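Be aware that the sequence shown starts at 261, since it is given in the numbering used here, and climbs by one per residue. Ideal Cβ placement from N, Cα and C applies to all residues, glycine included. Owing to the predicted nature of the structure, the values given are computational and were not obtained by experimental measurement. Working notes, structure below.
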Amino acid sequence: MSSDDALIPWLLSADPGARFRAQAAAVEAAVLRVLRSGHYVLGPEVAAFEAEWAACQGGGHTIGVANGTEALELALRAAGVRPGDRVATVANTVTATVTAIAEIGAVPVFVEIDPVTMVMDVAALAETARRQPLQAVVPVHLYGQPVDLPALLAIADTHGLVVVEDCAQAHGARLAGRPVGTWGVGAAFSFYPTKNLGAIGDAGAVFTRDAAMAARVRELRQYGWRERYVADGPGRNSRLDELQAAILRVYLPGLDAANTRRRDLAARYRAGLDGTKVAWVAAPGPDVTPACHQFVVRTPARESLRQHLEQHRVRAGVLYPVPVHRQPAFAQPALTLPHTERACAEVLSLPIHPELTDAEIDRVIAAVNAWNPPL
Ligand SMILES: *Cc1c(COP(=O)(O)O)cnc(C)c1O
């Protein structure tokens, strides 16, 4: 590396610090407001954020919780999923999706993905539901790509499945004009710092349009309390704190513009990348508005491309290298999911956060196009 190279800034696959720097004064004011308020957990900022997020979803109930994993677990519990229930989901997700199912004592049932979109293949879900009893399904809108929810809901209806959406990567994504998270009986959101809407620590939320389910989640997130000091049933502590909520309220009004910027950057990648070197998911149809949480390219020579990009000071991510059914905690050796396994071996996420400039995306494109895949 020449001495000049040291001056080229790293481009990161996610950069929560860049989001803060773009709105530093407003975030600092929010932090001070909370510090001075003397109210630090489940207070007015959380209540205001819950109302604002519900409004973004077109009305309903938001319940702020400690993180996305617990949001999913509590949503499933409140939707009636019980120990021993069989819950369909995909294996090319973060293990958190499956941890949430397992925490209940429910059994994950892995469904194959669509090889092109890399999200749950709803035909495979229908096939799985015909072959074995299922009680629930967790579609994961991976990379911000909505699952085919109309088809999925029809299958869920036929087989009586509870639908809880994992929206941790899909804040603001829409299908037929309707936000993801509003299709199932409930949805889980994560506001981990690298997500499209991210706090400065752990945070999450359940969204539901069902008032009774919302009330159950509110109990579950705080010791099972129906009212102060009186528990209705077993609960836990999964509270959201005021600091995270106040910061999320600063970022929330910019979410749509940030997602639009992500879509523009994705279009720039699609126009500039050399399709003989890498593959990527085609532009979605007019009915689909993805959240573009990740821009993912595919190549069987992923490690070679990743190292090549490192030399160009581009940090690419791998979401996720090992499918959940091949991980020690959840291994199902008898199960083979060829599309899932191949995707996990080939995917590479290029930088796409909204603070990146067009010139920076062009730098990534040039670096990818300059790569010579090993034969
Ligand atoms: C981030 C993420 C989660 C977990 O959220 P945490 O806030 O980290 O607990 C769950 N599912 C998916 C798809 C995620 O990306």
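Extent of the continuous beta strand (DSSP E) run through TRP485: Unbroken beta strand (DSSP E) run through TRP485: 485 to 487.
According to DSSP, residues forming a beta bridge with ARG558: According to DSSP, ARG558 bridges with ALA539, VAL607.
Beta-carbon proximity list for ALA591, same chain, < 8 Å, skipping 5 on both sides: These residues qualify, in order along the chain: HIS585.
Test item: CB-CB of ALA475 and LEU508 under 8 Å: No, Cβ-Cβ distance for ALA475 and LEU508 is not below 8 Å.
beta-carbon SER450 near ligand 1 non-hydrogen atom, thresh 7 Å: For ligand 1, at least one heavy atom lies less than 7 Å from the Cβ of SER450.
Whole-angstrom distance between ARG337 and GLY365, CA atom to CA atom: The straight-line gap from Cα to Cα measures roughly 10 Å.
Heavy atom of ligand 2 within 7 Å of ASN327 beta-carbon: No copy of ligand 2 appears in this structure; the ligands present are ligand 1.
Spatial distance of VAL440 from THR559 (CA atoms): Taking the straight line joining both Cα atoms gives about 29 Å.
CA nearest to the CA of LEU271, picked from ARG438, LEU569, ASP381, ASP345: For LEU271, the closest C-alpha among the options ARG438, LEU569, ASP381, ASP345 is that of LEU569.
Distance cut-off 7 Å: THR357 Cβ against heavy atoms of ligand 1: Answer for THR357: yes, Cβ within range of ligand 1.
Terminal residues of the alpha helix (DSSP H) in which ASP618 lies: Run containing ASP618: 618 to 629, per the alpha helix (DSSP H) assignment.
Distance cut-off 7 Å: THR349 Cβ against heavy atoms of ligand 1: No, the Cβ of THR349 stays beyond 7 Å of every heavy atom of ligand 1.
Own chain partners of ALA603 with C-beta closer than 6 Å, once the 5 adjacent residues on each side are dropped: Excluding positions up to five away in sequence, the list reads ASN352, MET378.
Rounded distance between the beta-carbons of PHE451 and GLN504, thought under 8 Å: Between the beta-carbon of GLN504 and that of PHE451 there is about 7 Å, and that keeps the pair under the 8 Å contact cut.
Expected contact under 8 Å - CB spacing of LEU500 and ALA326 to nearest Å: With a beta-carbon spacing of about 6 Å, LEU500 and ALA326 fall inside the 8 Å limit used to define contacts.
Beta-carbon separation (whole angstroms), ASP492 vs GLU502, contact threshold 8 Å: With a Cβ gap of about 25 Å, ASP492 and GLU502 do not count as contacting.
Supposed contact pair ALA465 and GLY319 - C-beta distance, whole angstroms, cut 8 Å: About 15 Å separates the two Cβ atoms, so there is no contact after all.
Contacts around GLY328, its chain only, beta-carbon distance under 7 Å, and the 5 residues preceding and following it disregarded: Result list for GLY328: ALA356, ALA428, ALA448, PHE449, SER450, TYR452, GLY464, in chain order.
Exposure of ASP547, with buried meaning 16 or more beta-carbon neighbours within 10 Å: It counts as exposed.
Residue range of the unbroken alpha helix (DSSP H) whose run includes HIS419: Per DSSP, HIS419 belongs to the alpha helix (DSSP H) from 409 to 419.
Distance CB(VAL445)-CB(VAL398) smaller than 8 Å: No. Outside cutoff.
Closer than 7 Å: GLN429 CB and nearest ligand 1 heavy atom: Taking 7 Å as the cut-off, the C-beta of GLN429 counts as close to a heavy atom of ligand 1.
Three-way DSSP call (helix, strand, coil) for VAL369 in this model: DSSP places VAL369 in strand when its eight states are reduced to three.
Contact check, ILE612 vs LEU525, beta carbons under 8 Å: When the beta-carbon positions are compared, ILE612 and LEU525 come within less than 8 Å of each other.
For ALA447, the three-state DSSP class (helix, strand or coil): In the three-state scheme derived from DSSP, where H, G and I count as helix and E and B as strand, ALA447 is classed as strand.
Length of the line joining the Cα atoms of PRO581 and VAL291: In this structure, the CA atom of PRO581 is about 37 Å from the CA atom of VAL291.
Nearest-angstrom Cα separation, counted from PRO598 out to LEU533: In this model, LEU533 and PRO598 are separated by some 26 Å (Cα to Cα).
Exposed unless 16 or more other CB atoms sit within 10 angstroms - verdict on SER498: Buried, because 16 or more other Cβ atoms sit within 10 Å of the Cβ of SER498.
Reduced DSSP category for ILE460 - H, G, I as helix; E, B as strand; rest coil: Reduced to three states, the DSSP call for ILE460 is coil.
Collapsed DSSP secondary structure at ALA505 in the structure displayed: In the structure shown, ALA505 adopts helical secondary structure according to DSSP, grouped into three states.
Residues sharing a beta bridge with PRO679, DSSP: Absent from the model: residue 679. The displayed extent of the chain is 261 to 635, so no value can be given.
Identified DSSP bridge partners for ALA335: According to DSSP, which records beta bridges pairwise, ALA335 is partnered with nothing at all.
Rounded straight-line distance, which links the Cα of TRP485 to that of ARG623: When the Cα atoms are used, ARG623 and TRP485 turn out to be separated by approximately 53 Å.
Same chain, Cβ closer than 7 Å to HIS299, neighbours up to 5 away in sequence not counted: Excluding five sequence positions before and after HIS299, the CB atoms of its chain that fall closer than 7 Å to its own CB belong to GLU502, given in chain order.
Spatial neighbours of ALA506 in its chain, beta-carbon cut-off 6 Å, leaving aside the 5 residues before and after: Take ALA506, set aside five residues on each side of it, and the residues of its chain with a beta-carbon closer than 6 Å to its own are ALA290, VAL294, GLU305, in chain order.
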